[in-house]
Amino acid sequence: MIKITNTLSGKKEEFKPIEQKKATMYVCGITPYDFAHVGHGRVAVIFDTLYRLLKFLDFEVKYCRNFTDIDDKLLKKAQQEFNDQLQYGKVAQKYIDAYTQDVKALNCLQPDCQPRVTENIQEIIDFVDGLVNSGHAYVAHGDVYFSIKKFPVYGRLSKHKLKDLRAGSRVEVNDKKQDPLDFVLWKGTEKGTFWKSPWGYGRPGWHIECSVMASKYLGKQIDIHGGGMDLIFPHHENEIAQSEALNKKTFANYWMHNAFVRIDKEKMSKSLGNFFTLKQVFEKFDPMIARFYYVNHHYRAPIDFSFDELAALEKSYRKLCKIFEGPLLKIEKNKVMNFPVVRKMISFLKDDINTPGMLGVVFENINTIKDNEQEKSAVAMILQDILGLSLQPLAEKKVTVTPEIQKLIDERLRARAEKNWAQADILRDKLRDLSFDVQDKKL
Ligand SMILES: [Zn+2]
591 MIKITNTLSG KKEEFKPIEQ KKATMYVCGI TPYDFAHVGH GRVAVIFDTL
641 YRLLKFLDFE VKYCRNFTDI DDKLLKKAQQ EFNDQLQYGK VAQKYIDAYT
691 QDVKALNCLQ PDCQPRVTEN IQEIIDFVDG LVNSGHAYVA HGDVYFSIKK
741 FPVYGRLSKH KLKDLRAGSR VEVNDKKQDP LDFVLWKGTE KGTFWKSPWG
791 YGRPGWHIEC SVMASKYLGK QIDIHGGGMD LIFPHHENEI AQSEALNKKT
841 FANYWMHNAF VRIDKEKMSK SLGNFFTLKQ VFEKFDPMIA RFYYVNHHYR
891 APIDFSFDEL AALEKSYRKL CKIFEGPLLK IEKNKVMNFP VVRKMISFLK
941 DDINTPGMLG VVFENINTIK DNEQEKSAVA MILQDILGLS LQPLAEKKVT
991 VTPEIQKLID ERLRARAEKN WAQADILRDK LRDLSFDVQD KKL
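Per our numbering, the sequence shown starts with residue 591, numbered consecutively.
Put into structure tokens, the structure is as follows:
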């Protein structure tokens, strides 16, 4: 039995798919206007692990992750880079390519579909038109808005009550809306720009794309919908409203949200400017260390990002690779559950994707694993196939000793000789910042 914490109920629930041994999952993807940061990597790895687990357990899985390739941020970037906002497609392609490279480096499998908004405009127009016709949306001067009061169960996912939202809502300067909580489905633009719709030229609002693409690629009702916790409100709440208003069905049965990656207790985000890109991390660490770092944390627990923790985990990952070094035996998949350590590992994964618990099992049983070639090979198979760890020995880092590094090494040797440990530590950290790790022998 697989258990998943469902944001909708707030409880850990048994996963019961709509169809036996089949699973559909939709995960909100990136807006490609800049390089992906460590937070984006977390979403990719967590849902990739779930995808791999379901496949391993013989589910026929269909996994869809979108690209929001039209958006204000993209238009702004296109204006900056090309002096023409209509060149947003070039911006999108550049960062989609970069993202694809990053998640590949993290050993994430490709989702079964990766649709883009701009490839689904007609479907979006039809969906919005359906909402207008059913009375859930209204047209106002070229824009189309979803009418919250026509969807009385709004707020189920985020546990917001409409009256509280109203009390707390900022009064926007937008006299087109009938209610400040109504959200935009279609944004009207100047004549002749973007796409032609029954309401004039325009482009889609943000939330509508996921309702449309989930139903187009996976069906009107899906098993699992995922994303970062920041998407619960309003994005996912709005997706539910749009989809359920039109399709008259529960949109997604299980809502899974991963916690944030934080810096100084604040969410890592583009808008706050407190982020590291995956590329910056990969300059210092092998991408496998980054993946190992993610799965060392439970997906529902926040990560306080630190390079020191990455460095510490690099050491334990190297140890792990050492254990599984050398030729491994080929174990048939149907035999793999015969090994007690593997059974324990899988039971942790089935319990709300408890990856740190699963790794704990491996480290606790290291001696048993080492002594049994068969079991060792079976454990390696799980680590590779489900956790996505390659277990390939990492290349030793080659660092050129620059005069700057040599100077720090000399200073540090002097500090140690003088037993000035505090100073020696400071110098070690400086060396580490230059990707130079010192290992001391006893004096
Ligand atoms: Zn979405």
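Even glycine gets a Cβ: it sits at the ideal position worked out from N, Cα and C. Owing to the predicted nature of the structure, the values given are computational and were not obtained by experimental measurement.
- Taking 8 angstroms as the cut-off, the Cβ atoms of leucine 747 and histidine 826 count as close.
- About 10 angstroms separates the Cβ atoms of glutamate 603 and methionine 591, ruling out a contact at the 8 angstroms cut-off.
- Residues of the same chain with a CB within less than 7 angstroms of the CB of glycine 790, apart from the 5 flanking positions on each side, are Gly732 and Gly778 in chain order.
- Not a single heavy atom of ligand 1 lies less than 7 angstroms from the C-beta of histidine 630.
- Taken through DSSP and simplified to helix, strand or coil, serine 599 comes out as coil.
- Inter-residue distance for isoleucine 976 and lysine 781 is about 51 angstroms (C-alpha atoms, whole angstroms).
- Relative to ligand 1, the beta carbon of histidine 847 is positioned no closer than 7 angstroms to any heavy atom.
- Not a single heavy atom of ligand 1 lies less than 7 angstroms from the C-beta of cysteine 654.
- Taking 8 angstroms as the cut-off, the beta carbon of leucine 903 is found closer than this to the beta carbon of tyrosine 883.
- By the Cβ criterion, the stretch 594-614 is not in contact with the stretch 628-636, since fewer than three pairs of Cβ atoms, one from each stretch, lie closer than 8 angstroms.
- Cysteine 911 has its CB no nearer than 7 angstroms to any heavy atom of ligand 1.
- Per DSSP, the beta bridge partners of lysine 857 are Arg852.
- Remark: the C-beta of histidine 627 is outside contact range of ligand 1, defined as less than 7 angstroms to any heavy atom.
- Distance from the CA of isoleucine 715 to the CA of tryptophan 776, rounded to the nearest whole angstrom, comes to 8 angstroms.
- For arginine 908, the enclosing alpha helix (DSSP H) has its first and last residue at 897-913.
- Cysteine 703 has its alpha-carbon roughly 37 angstroms from the corresponding atom of glutamine 768.
- Valine 743 sits in coil when the DSSP states are folded into three classes, being neither helix nor strand.
- Residue pairing for glycine 816: DSSP places it in a beta bridge opposite Val617 and Met846.
- Across the structure, phenylalanine 736 and serine 801 are spaced so that their CA atoms are roughly 13 angstroms apart.
- The shortest CA-to-CA distance from leucine 862 to any of Leu868, Lys869 and Ile853 is the one to Ile853.
- Contact annotation: the stretch 711-726 does not touch the stretch 691-702, with fewer than three C-beta pairs closer than 8 angstroms.
- Assignment of beta strand (DSSP E) within the stretch 701-726, counting only whole runs of 3 or more residues, yields no such run.
- Scanning the stretch 609-674 for uninterrupted beta strand (DSSP E) segments of 3 residues or longer gives 612-617 and 650-655, listed from N- to C-terminal end.
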